[in-house]
Amino acid sequence: MRFASISIAAVVAIAGAVGGVFAHGGATGIVGDRMNGMMDMAQSVKTLSQSFAGGAFDPAVVRQAARVIEGHAGETMLQLFPEGSLDSPSVATPEIWTNWTEFSRLAIRLRQLAAELVAAADRDGSPPVPAPVVSGPEAPGDMWASLDERALLGLKPQPRVSTRATEAPAEIGPSPQALFAEITDACASCHAAFREAN
Numbered sequence: 001m002r003f004a005s006i007s008i009a010a011v012v013a014i015a016g017a018v019g020g021v022f023a024h025g026g027a028t029g030i031v032g033d034r035m036n037g038m039m040d041m042a043q044s045v046k047t048l049s050q051s052f053a054g055g056a057f058d059p060a061v062v063r064q065a066a067r068v069i070e071g072h073a074g075e076t077m078l079q080l081f082p083e084g085s086l087d088s089p090s091v092a093t094p095e096i097w098t099n100w101t102e103f104s105r106l107a108i109r110l111r112q113l114a115a116e117l118v119a120a121a122d123r124d125g126s127p128p129v130p131a132p133v134v135s136g137p138e139a140p141g142d143m144w145a146s147l148d149e150r151a152l153l154g155l156k157p158q159p160r161v162s163t164r165a166t167e168a169p170a171e172i173g174p175s176p177q178a179l180f181a182e183i184t185d186a187c188a189s190c191h192a193a194f195r196e197a198n
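Position 185, counted from 1, in the sequence shown is what full-length UniProt numbering calls 185; the numbers after and before it change by one each time, with no gaps.
Structure (structure tokens):
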């Protein structure tokens with residue numbers, strides 16, 4: 001299953017990155033700020049991985065973890081990478097600034113995916129849309145409604161969809177699990193391109 005294989009591999013890689021961050025204790029200033037943000041996001045990825053591992057998940061847990069990622073990604077992340085900020089123990093590479101467009105794209109995409117995951121968790125936790133109610137002459141209480149032209153001619157009335165049914169839902173976006181797989185892909189791509197190898 002694509003979700004399981006990508007997510008597990010990415011979570012292992014991200015967890016390794018967190019281990020590297022803990023090994024680089026003592027970071028201060030902007031380097032310390034961004035390393036702390038990366039640790040928060042990595043912990044949230046781990047929480048999401050555990051949440052989705054069993055199939056069913058708690059939408060509140062998913063929302064909270066996704067909001068942490070959303071809060072650290074995008075412009076917030078970009079502001080923590082002023083050009084040339086490679087003071088030890090930073091594990092950022094100079095490619096961040098030589099390919100700022102791609103780095104920015106990944107940071108902003110990560111924020112968008114996290115926001116979508118918040119919405120998907122909300123959607124997943126909402127009550128399901130009831131199925132349309134099909135009625136006909138056999139449906140009690142619908143006798144008069146079923147007396148259409150065909151019934152008056154002695155023909156079997158056409159079943160109809162009740163106007164009481166809710167409108168067909170708008171197209172539903174990606175599942176929370178699919179969004180999580182995209183989040184881990186974005187993290188792994190960013191680390192591969194812009195982080196020193198362990």
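Glycine included, each C-beta is placed from N, C-alpha and C at the ideal position. As the structure is a prediction and not an experimental result, all values here were calculated from the model.
Rounded distance between the beta-carbons of residue j and residue i, thought under 8 Å
i: residue 184; j: residue 45; result: 6 Å
i: residue 42; j: residue 110; result: Not quite, the Cβ-Cβ distance comes to about 12 Å (not below 8 Å), so this is no contact.
i: residue 102; j: residue 193; result: 7 Å
Coarse secondary structure for residue i, derived from DSSP in three states
i: residue 56; result: coil
i: residue 73; result: coil
i: residue 27; result: coil
i: residue 92; result: strand
i: residue 46; result: helix
i: residue 120; result: helix
i: residue 87; result: coil
Terminal residues of the alpha helix (DSSP H) in which residue i lies
i: residue 189; result: 176-194
i: residue 96; result: 95-98
Backbone CA spacing between residue i and residue j [nearest angstrom]
i: residue 188; j: residue 95; result: 15 Å
i: residue 197; j: residue 50; result: 26 Å
i: residue 40; j: residue 68; result: 7 Å
i: residue 107; j: residue 70; result: 10 Å
i: residue 74; j: residue 85; result: 18 Å
i: residue 82; j: residue 98; result: 12 Å
i: residue 176; j: residue 105; result: 21 Å
i: residue 58; j: residue 118; result: 12 Å
i: residue 135; j: residue 76; result: In this prediction, residue 135 scores a pLDDT of 46, lower than 50, which makes its location untrustworthy; no coordinate-derived value is stated.
i: residue 56; j: residue 65; result: 16 Å
i: residue 89; j: residue 35; result: 9 Å
CB of residue i within 8 Å of CB of residue j, strictly
i: residue 195; j: residue 28; result: no
i: residue 80; j: residue 33; result: yes
i: residue 120; j: residue 54; result: no
i: residue 48; j: residue 116; result: no
Residue i CB to nearest heavy atom of the ligand NAP below 7 Å
i: residue 197; result: Although the ligand NAP was asked about, the structure shown includes no ligands whatsoever.
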